[in-house]
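S.K.: I am attaching a structure below and will ask some questions about it afterwards.
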Amino acid sequence: MFKFLLCFLLLFPFISYAQEKKQETDNPPLISPLIANYPLTEDLLLKLEKIENECKNLPPEPETKNTKSDFTTDNDHIEGYVAYISSKRELVNILRENNFTPKDFVVVLLALQATLNVLTNEENSIYNPKIIPSSNIEFAKKHMYRIIKILKGNC
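Going by mature numbering (1 follows the signal peptide of the UniProt record, and there is no 0), the letters in the sequence shown line up with residues -18 to -1, 1 to 137, in that order.
Printed below as a string of structure tokens:
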């Protein structure tokens, strides 16, 4: 009995440490490296503003029962965003005219959103501020109003 108790006491710290490490690896980061490291530029912002202006002229699409327009912004839902945008033919045509694919458009919007989230709410942000490049943070500081306008837009 003493050997069993001694063995248990010696192995318990290792077992609990292994469980903690497993829990840390079970929780993937909330933002993918693709989104976090997407370079934000003035040219990109101009293209997005042009797309936004063209979206204002689109006729409203009829609502369907199975179409959700309010996806959550997790990495797991990038493909859902892409499918949703791909279902809007007029928007896809506008994106093609501006050399964007639906996936590019989704990644850019999520990169803008994540950067703005870190910038405006660093201590309470769900995103790790160290993941977003400082160049993107500085860009968002300069162009915050324009970014907010794009994110609140119709597209």
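Just so it is clear, CB atoms sit at the ideal spot from N, CA and C, and this is done for glycine as well.
Report the residue from V64, N35, V89 and E43 whose alpha carbon sits nearest the alpha carbon of K131.
M.R.: Within the sequence shown, residue 131 is the residue found at index 149, counting from 1. It is N35 whose Cα lies nearest to the Cα of K131.
S.K.: Relative to the C-alpha of I76, which residue among K124, P21 and K29 is closest?
M.R.: What you label residue 76 is simply residue 94 of the sequence shown in a count that begins at 1. For the residues K124, P21 and K29, the minimum Cα distance to I76 belongs to K29.
S.K.: Take T97 as the anchor and find which of C137, K134, I129 and K85 has the nearest alpha-carbon.
M.R.: Here residue 97 refers to the residue found at position 115 of the sequence shown. Among C137, K134, I129 and K85, the Cα nearest to that of T97 belongs to I129.
S.K.: Indicate the three-state DSSP secondary structure (helix, strand or coil) for C137 in the structure shown.
M.R.: Position 155 of the sequence shown, counting from 1, holds the residue named residue 137. Correct three-state label for C137: coil.
S.K.: Is it right to say S116 is buried, meaning 16 or more other beta carbons lie within 10 angstroms of its own, or is it exposed?
M.R.: In the sequence shown, the residue the question calls residue 116 occupies position 134. Under this definition S116 is an exposed residue.
S.K.: On the DSSP letters alone, give me the boundaries of the alpha helix (DSSP H) that I33 sits inside.
M.R.: Stepping through the sequence shown from its first residue, residue 33 is reached at position 51. It spans E24 to K38 - the alpha helix (DSSP H) in which I33 sits, taken as one unbroken run.
S.K.: Roughly how far, in whole angstroms, is the beta-carbon of I113 from the beta-carbon of L101, given that I think they are within contact range, below 8 Å?
M.R.: Taking the sequence shown and counting its residues from 1, one reaches residue 113 at position 131. Taking the sequence shown and counting its residues from 1, one reaches residue 101 at position 119. Actually they are not in contact, since the Cβ atoms of I113 and L101 sit about 13 Å apart, beyond 8 Å.
S.K.: Start and end of the alpha helix (DSSP H) containing T83?
M.R.: Within the sequence shown, the letter at position 101 stands for residue 83. No alpha helix (DSSP H) holds T83; DSSP gives it neither H nor E.
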